[in-house]
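Asker:
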Amino acid sequence: MADYLVIVESPAKAKTIEKYLGKKYKVKASVGHVIDLPRSQMGVDVEHGYQPKYITIRGKGPVLQELKTAAKKAKKVFLASDPDREGEAIAWHLAQALGIDENTDCRVVFNEITKDAIVESFKHPRPINRDRVDAQQARRVLDRLVGYNISPILWKKVKKGLSAGRVQSVALRLIIDRENEIRVFKPEEYWSITGTFGKGKKEFTAGYHGDGKKKVKLPDRASVDKVLGQLKGDEFEVAELIKKERRRNPAPPFTTSSLQQEAARKLNFRARKTMMLAQQLYEGINVGKEGSVGLITYMRTDSTRISDTAKKEAGDFIDSEYGKEFGAPGERQSKQKNAQDAHEAIRPTSVLRTPASLKAVLSNDQFKLYRLIWERFIASRMAPAVLDTVTADLVQGDVMFRATGSQIKFPGFMKVYVEGEDDKSDEKEKMLPPMEKGDIVKSVKVEPKQHFTQPPPRYTEARLVKTLEELGIGRPSTYAPTLDTIQKRGYVSLDAKRFVPTELGEIVHSLVQEFFPEIIDIEFTAEMEKDLDSIEEGQNRWVEVIDSFYKDFEKRLKVADEEMEKVVIKDEPAGEDCEKCGSPMVIKLGRYGKFMACSNFPDCRNTKPILKKIGVTCPKCKEGEVVERKSKTKRIFYSCDRYPDCDFISWDKPISRPCPKCSGMLVEKKLKKGKQIQCADCDYKEQPQQ
Numbered sequence: 008m009a010d011y012l013v014i015v016e017s018p019a020k021a022k023t024i025e026k027y028l029g030k031k032y033k034v035k036a037s038v039g040h041v042i043d044l045p046r047s048q049m050g051v052d053v054e055h056g057y058q059p060k061y062i063t064i065r066g067k068g069p070v071l072q073e074l075k076t077a078a079k080k081a082k083k084v085f086l087a088s089d090p091d092r093e094g095e096a097i098a099w100h101l102a103q104a105l106g107i108d109e110n111t112d113c114r115v116v117f118n119e120i121t122k123d124a125i126v127e128s129f130k131h132p133r134p135i136n137r138d139r140v141d142a143q144q145a146r147r148v149l150d151r152l153v154g155y156n157i158s159p160i161l162w163k164k165v166k167k168g169l170s171a172g173r174v175q176s177v178a179l180r181l182i183i184d185r186e187n188e189i190r191v192f193k194p195e196e197y198w199s200i201t202g203t204f205g206k207g208k209k210e211f212t213a214g215y216h217g218d219g220k221k222k223v224k225l226p227d228r229a230s231v232d233k234v235l236g237q238l239k240g241d242e243f244e245v246a247e248l249i250k251k252e253r254r255r256n257p258a259p260p261f262t263t264s265s266l267q268q269e270a271a272r273k274l275n276f277r278a279r280k281t282m283m284l285a286q287q288l289y290e291g292i293n294v295g296k297e298g299s300v301g302l303i304t305y306m307r308t309d310s311t312r313i314s315d316t317a318k319k320e321a322g323d324f325i326d327s328e329y330g331k332e333f334g335a336p337g338e339r340q341s342k343q344k345n346a347q348d349a350h351e352a353i354r355p356t357s358v359l360r361t362p363a364s365l366k367a368v369l370s371n372d373q374f375k376l377y378r379l380i381w382e383r384f385i386a387s388r389m390a391p392a393v394l395d396t397v398t399a400d401l402v403q404g405d406v407m408f409r410a411t412g413s414q415i416k417f418p419g420f421m422k423v424y425v426e427g428e429d430d431k432s433d434e435k436e437k438m439l440p441p442m443e444k445g446d447i448v449k450s451v452k453v454e455p456k457q458h459f460t461q462p463p464p465r466y467t468e469a470r471l472v473k474t475l476e477e478l479g480i481g482r483p484s485t486y487a488p489t490l491d492t493i494q495k496r497g498y499v500s501l502d503a504k505r506f507v508p509t510e511l512g513e514i515v516h517s518l519v520q521e522f523f524p525e526i527i528d529i530e531f532t533a534e535m536e537k538d539l540d541s542i543e544e545g546q547n548r549w550v551e552v553i554d555s556f557y558k559d560f561e562k563r564l565k566v567a568d569e570e571m572e573k574v575v576i577k578d579e580p581a582g583e584d585c586e587k588c589g590s591p592m593v594i595k596l597g598r599y600g601k602f603m604a605c606s607n608f609p610d611c612r613n614t615k616p617i618l619k620k621i622g623v624t625c626p627k628c629k630e631g632e633v634v635e636r637k638s639k640t641k642r643i644f645y646s647c648d649r650y651p652d653c654d655f656i657s658w659d660k661p662i663s664r665p666c667p668k669c670s671g672m673l674v675e676k677k678l679k680k681g682k683q684i685q686c687a688d689c690d691y692k693e694q695p696q697q
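Numbering (this note's numbering), first residue to last: 8 to 697.
#1: Please go through the region 639-689 and give each complete beta strand (DSSP E) segment of 3 or more residues, from N-terminal end onward.
#2: Should Asp348 be labelled buried (16 or more other beta-carbon atoms within 10 Å of its own) or exposed?
#3: Go ahead and pull the three-state DSSP assignment for Ala32.
#4: What are the uninterrupted segments assigned as alpha helix (DSSP H) that are 4 or more residues long and contained completely in the region 425-480, given in chain order?
#5: Is it buried or exposed for Asp43, if we count other Cβ within 10 angstroms and need 16 for buried?
#6: I need the straight-line Cα distance from Glu119 to Thr356, nearest angstrom please.
#7: Closest to Glu534 by CA distance: which of Val515, Glu521, Ser555 is it?
#8: Who are the Cβ neighbours of Met407 in its own chain at under 8 Å, not counting the five residues just before and after it?
#9: Near Glu434, which residues of its chain fall below 7 Å by C-beta distance, leaving aside the five closest residues on each side in sequence?
#10: Could you have a look at Thr614 and say whether DSSP puts it in helix, strand or coil?
#11: Tell me Lys375's beta-bridge partners as DSSP assigns them.
#12: Label Ser387 either buried or exposed according to how many other C-beta atoms from any shown protein chain fall within 10 Å of its C-beta, with 16 as the threshold for buried.
#13: Pick from Trp381, Val368, Ile353: whose alpha carbon is nearest that of Leu359?
#14: Report the rounded CA-to-CA distance for Tyr650 versus Pro418, giving the unit in angstroms.
#15: Out of Met306, Glu244, Arg636, which one is the CA nearest neighbour of Gln267?
#16: For Ile514, collect the residues of the same chain with a Cβ closer than 8 Å to its Cβ; drop the 5 residues on either side in sequence, then sort them by chain order.
#17: If we count the other Cβ atoms within 10 Å of its Cβ and call it buried at 16 or more, is Lys344 buried or exposed?
#18: Might you give, ordered along the chain, the residues of its own chain that have their beta carbon closer than 8 Å to the beta carbon of Ala145, omitting 5 neighbours on each side?
#19: Can you tell me where the alpha helix (DSSP H) holding Leu564 begins and where it ends?
#20: Is the beta carbon of Lys35 closer than 8 Å to that of Ala21?
#21: Distance, Cα to Cα, Gln287 vs Thr398?
#22: Going by DSSP in three states, Tyr11 sits in which element: helix, strand or coil?
#23: Once you ignore the five residues that flank Gly322 on each side, which residues in its own chain have a CB closer than 6 Å to its CB?
#24: Taking just the CA atoms, how far does Glu297 sit from Phe129?
#25: Does the distance from the CB of Thr263 to the CB of Asp309 come in under 8 Å?
#26: Near Asp91, which residues of its chain fall below 6 Å by C-beta distance, leaving aside the five closest residues on each side in sequence?
#27: Checking 8 Å against the spacing of the C-beta atoms, do Tyr27 and Ala278 come in under that value?
#28: Only counting the same chain, and skipping five residues up and downstream in sequence, which positions put a Cβ closer than 7 Å to that of Leu439?
#29: Just checking, does the region 557-573 make contact with the region 173-192 on the three C-beta pairs under 8 Å criterion?
#30: Decide if the region 190-206 is in contact with the region 223-232; the criterion is three or more beta carbon pairs, one per stretch, under 8 Å apart.
#31: In angstroms with no decimal places, state the Cα-to-Cα distance between Ala346 and Ile480.
#32: If you reduce the DSSP assignment to three classes, tell me which class Val84 lands in.
#33: How many Å lie between Asn187 and Val300 at the Cα?
#34: If you run the structure through DSSP and keep just helix, strand and coil, what is Asp227?
#35: Quick one: complete alpha helix (DSSP H) runs, 4+ long, within the region 519-545?
#36: If distances are taken between C-alpha atoms only, which option among Pro441, Asp89, Ala96, Gly236 comes closest to Gly205?
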């Protein structure tokens, strides 16, 4: 029997670590939590200091018994759960269950699963950090007090299966507030004038800027015509030419939040998928001769700090691979606002394991995420990029056009990686032809264009995660489950990968806003996060933090239970009869929005989705109408409403007029920027629309 027992959370991690520690160590997995609050009840004794009522999780009895048996036979037990607050709480629960003194050196933490990191961590065991345990315990208790008290009221007043939580209620508020902004938004007209100019054999573009003294807006066609009327001939003078050198610094290595955002932008990964793949890369992948090894550091972090060892390895790699001039000139990373800074940023455990060298042993998605993490880390340790920028003012009389261009003088970190953007600019980096002040350039064409201001965009997952982080709401580990919850409850749906509140979501939000305003108050919630963090620092006692919140909250619960009116969500007539029993169909509100159901329920259980007609006759059967549907992955497609009698289907939206070239079906094709009308049967295409 091994002398030492090590308990980790994951079986995959257990195999990797046991290989590194040798024969004297036996490594077993708890498979996450073994002890927690009960799911069937609140599990918090409000009358006696908010004490949690912990139980062995259903199904975990055999696991706990196996750990107890192994612990009795071992000389010493090390608790090596994850290096965050939740991991500390798991270690504490295991210590209580296995009879281990939490004040002894029983706790081992490591930020990466590599041989050197594991061996080193076992040289420095420590007692369980009770402040960190209390910080996690306070969050769990607070979330229970909120969720398990408000949810039953919503079940009674609205419908079963609803919930309200501390972070999810704020996330829902942000989505609904943005939708309300969009609803009241009134577009305003404005115009632009773009000129194409020639200098020698090269052409470039410039936009109308003003009268040479100040910038002038073009609110309508009349103002455009006035400018065009001032133009005399095609010659413009280069009245001003400004050349500058600009330095651009790389983004820091990933935190949990920035990884979720960038994986959404660049890889189109949902937050949950990103975290699942990151967990696999952290716990260990079989890479061949080395066996199973952790490829990245711990993936739940809000710090951009990196170790000196990692800095040196990255620096040596950059010097040899790209040249010494590409190396970072100095330290740039700084601590993030409200960051716990408990452990490092997310980085490769070794930069020598390049993405290319691991491609054969990783799944396609694992490879994409690993490459993203590797490139971001390497770029963060590289020199700034240097760009030459040029601004040229082209003047004719009282009309001035301005052209801007830039050219990469030294690529620096951009040789490896460039950070993604939420809102991509239409303006691409372009270089102007050589010119000097006083030169004459000629206009080739001048094009006016009408525009309308756009409402603020709906939240994507990446944008919502970024906003929650900036506001100090929740913590990195909460974002993915929060976004999942508001979708599973039917409070929001995804339309073109952007969150749209449902009618049910708006009902729940309005009730929470009326009776529990502090729950969705952004400043209050952010302040509560700070109070919870202060427990870990030993500055506050967790019971006092909870009590200060619950005293007022308890009063609101009583008011809500007595005064909240029952919301009756009435069924709307659908205007058609059930094809199975002939009874009228009605429109009901479900978890995922509205749907049609037979009014003769439960005798008839016929249901079907509400189909959106697009005003186009089916091009295949000429009888049905084309309707908008959604696939299992929520992707929109178009088909005949006579399906399955007619099997017409198109991923592109058909339009009502025929192709002028072959009389075939015209479709609306989505481009990266705008859309384009083209024929599905021939090569006919129309000019792209923004």
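Glycine included, C-beta positions come from ideal geometry on N, C-alpha and C.
All values derive from a computational prediction rather than experimental measurement.
Answerer: According to the structure data:
#1: 643-647, 660-665, 672-677, 682-686
#2: Because the pLDDT of Asp348 is 45, which lies under 50, any placement of that residue in the model is unreliable, and the number read from its coordinates should be weighed accordingly. Its Cβ having fewer than 16 others within 10 Å, Asp348 is exposed.
#3: Checking the sequence, you will find Tyr at residue 32 rather than Ala. Strand.
#4: 468-478
#5: buried
#6: C-alpha separation (whole angstroms): 7 Å.
#7: Ser555
#8: Excluding sequence neighbours, Met407 sits near Tyr215, His216, Gly217, Asp218, Gly219, Ala246, Asp400, Leu401.
#9: Only weak support is given to the placement of Glu434: the predicted model assigns it a pLDDT of 44, under 50, and the value that follows is read from those uncertain coordinates. Residues of the same chain with a CB within less than 7 Å of the CB of Glu434, apart from the 5 flanking positions on each side, do not exist.
#10: strand
#11: The partner list for Lys375 (beta bridge, DSSP) is empty, contrary to what the question assumes.
#12: buried
#13: Trp381
#14: 55 Å
#15: Met306
#16: Val165, Val574, Ile576
#17: Reliability of the predicted coordinates at Lys344 is poor, the pLDDT of 48 falling under 50, and no value is obtained from them.
#18: Leu539, Ile542, Trp549, Val552, Ile553
#19: 549-570
#20: yes
#21: 48 Å
#22: strand
#23: Within the same chain, Cβ atoms closer than 6 Å to the Cβ of Gly322 are found at Gly334, the five residues on either side in sequence being excluded.
#24: 21 Å
#25: yes
#26: Arg307
#27: Contact: no.
#28: Phe211, Val397, Ala399, Ala410, Gly412
#29: Contact between the region 557-573 and the region 173-192 is not established, with fewer than three Cβ pairs separated by less than 8 Å.
#30: yes
#31: In this predicted model, Ala346 has a pLDDT of only 47, less than 50, meaning its place in the structure is not dependable enough to derive any value.
#32: strand
#33: 49 Å
#34: coil
#35: 524-527, 529-543
#36: Of Pro441, Asp89, Ala96, Gly236, the smallest CA-CA separation from Gly205 is found for Pro441.
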